[in-house]
Amino acid sequence: MSPINHQERWLSIVGIGEDGLAGMSPLAAGVVAQAELLIGGARHLAMVPEGTAERLAWPSPLSDAFAPIKAARGRRVVVLASGDPFLWGVGATLARFIPPAEIACHPAPSSFSLASARLGWAQQDCALISLHGRPFETLVPHVQPDARILALTWDGRTAAKVAARLTEFGFGPSRLTVLERLGGAGEVIRSARADAFDLDNIDPLNLLAIEAIAGRDARPLPLAAGLPDDFFEHDGQLTKREIRAVTLSALQPLKGQLLWDIGLGAGSVAIEWLLRHPSNRAIGIEENADRAARALVNAVNLGVPHLRLVSGAAPAALAGLDSPDAVFIGGGTGDDGVFEAAWSALRPGGRLVANAVTLESEQALARRFARYGGDLIRLGVERLVPVGSMHGWRPAMPVTQWSVVKP
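The sequence shown begins at 5 in the working numbering and counts up by one.
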């Protein structure tokens, strides 16, 4: 690999805080002063005195600025960005279309760093999330007893919405701290309990710090696979808790991977796949409109609103979808072409798991097992139930599960 010539770094990304140029290092301030093209939000551009540089305020959508930036290659181009540009900032977006070898970055302290310093929190022990331009529900999986969460907000109303949601979850005693205009002359820090949140006139430029405290009726999401069945709305079409835990184990979720859940039902398997890591993706294929709608409600309630739904019946509904890293078939593999379509689309090294409860679907799994190998197991669960004044075991229908890895 050839060494990087720093003179070729024509695009500079400079972090700027509420204290403007005064808070920059001499090097970063010098880069801004020498800019031929200065790009940033209107608020950031206003912090820099007018000079000879051409100015470009971020358009909407942001992507409309990519072409002018590329066209300026060879000039001294400077992008102003909040705090640390590569922490929930514009840095990674720019690095997707400008080679990193052509970018010089001069970060300032992020709002997360400033908030940690004000509160005395160890930043590495906090969940750092963004609710700015992202689904509000992504907060849910992070709400654990005694968790500390630092969240970039959308506007001055976000904190009140979070307070209401925490109270709904049984986390009313949680302490919310709103840090407004961090690092500037107008910095304000205020706190309130979630179930007694009364802060008003919150500046739109704020960060929310959450100390999650569970009340007696709190229902946090367990970190293990196999959520309780009553966490899901369903009509009985649900992979039950114990079988679901074994199914997730067989699917072996890995960071950033894509699951096809064929026969989505209540969405429990796909939802738990998504909960394993924030970057995981899942596509649910479901032909029953009521079940599909219910699955999407479950996904939102459990903090994974990015579950993608495809309405229709497999195998036709599978056409054109991104190739999966794993496939779950909830009703056996049959002879209707579903398995063949899924197996053909599955990436090499990918996992396919199919569950069956009927004799006919079990026989179909046995045929696939004989041809493709893998593991074939039978799972049985018995629950203790009242029998008159005593108790006895009632077995659920056994589930046959086939799991196989594509060579």
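We put the CB at the ideal spot given by N, CA and C, even for glycine.
Query                                                                                                                                                                                            : Result
For isoleucine 17 versus alanine 85, is the C-beta spacing smaller than 8 Å?                                                                                                                     : yes
Between which residues of its own chain and isoleucine 349 is the CB-CB distance below 6 Å, once the five residues before and five after are set aside?                                          : Per the sequence shown, the amino acid found at residue 349 is alanine instead of isoleucine. Same-chain partners within the cutoff: Ser327.
Below 8 Å between beta carbons: does that hold for glycine 190 and aspartate 23?                                                                                                                 : no
Is it buried or exposed, asparagine 205, if we count other Cβ atoms within 10 angstroms and call 16 or more buried?                                                                              : exposed
For proline 257 and alanine 358, what's the separation of their Cα atoms in angstroms?                                                                                                           : 15 Å
Identify, in the order they occur along the chain, each residue of the same chain with its Cβ nearer than 7 Å to the Cβ of glycine 219, setting aside the five sequence neighbours on each side. : Gly174, Phe175, Gly176, Pro177
Could you check how far apart the C-beta atoms of aspartate 329 and glycine 354 are, in whole angstroms? I think they sit under 8 Å.                                                             : 5 Å
Three-state secondary structure (DSSP) at alanine 358?                                                                                                                                           : strand
Hey, how far is the Cα of glutamine 261 from the Cα of leucine 278?                                                                                                                              : 9 Å
Is isoleucine 8 buried or exposed, if buried means 16 or more other CB atoms sit within 10 Å of its CB?                                                                                          : For isoleucine 8, the predicted structure reports a pLDDT of 40, less than 50, and the residue's modelled location is therefore unreliable. The matter cannot be settled from this model.
What does DSSP give as the partner residue(s) for isoleucine 266 in the beta ladder?                                                                                                             : Ile289, Ile333
Taking one C-beta from the stretch 51-68 and one from the stretch 119-127 each time, how about it: are there three or more such pairs within less than 8 Å?                                      : no
Which residues in the same chain have their Cβ closer than 6 Å to the Cβ of methionine 394, if we skip the five residues on either side of it in sequence?                                       : none
How about glycine 334 and threonine 243: do their beta carbons lie closer than 8 Å?                                                                                                              : yes
Relative to the alpha-carbon of glutamate 364, which residue among Asp340, Asp379, Arg375, Gly377 has its alpha-carbon at the smallest distance?                                                 : Asp340
Please determine if the stretch 308-328 and the stretch 211-225 are in contact, where contact requires at least 3 C-beta pairs separated by less than 8 Å.                                       : no
Identify the continuous alpha helix (DSSP H) that holds glutamine 367 and give its terminal residues.                                                                                            : 363-376
How would you label glycine 240, buried or exposed, when you count the other beta carbons within 10 angstroms and need 16 or more for buried?                                                    : exposed
In whole angstroms, what separates the C-alpha of arginine 351 from that of threonine 56?                                                                                                        : 53 Å
Look at the Cβ atom of glycine 384, then the Cβ atom of valine 409, and state whether they are nearer than 8 Å.                                                                                  : no
To the nearest angstrom, how far is the alpha carbon of leucine 211 from that of leucine 227?                                                                                                    : 26 Å
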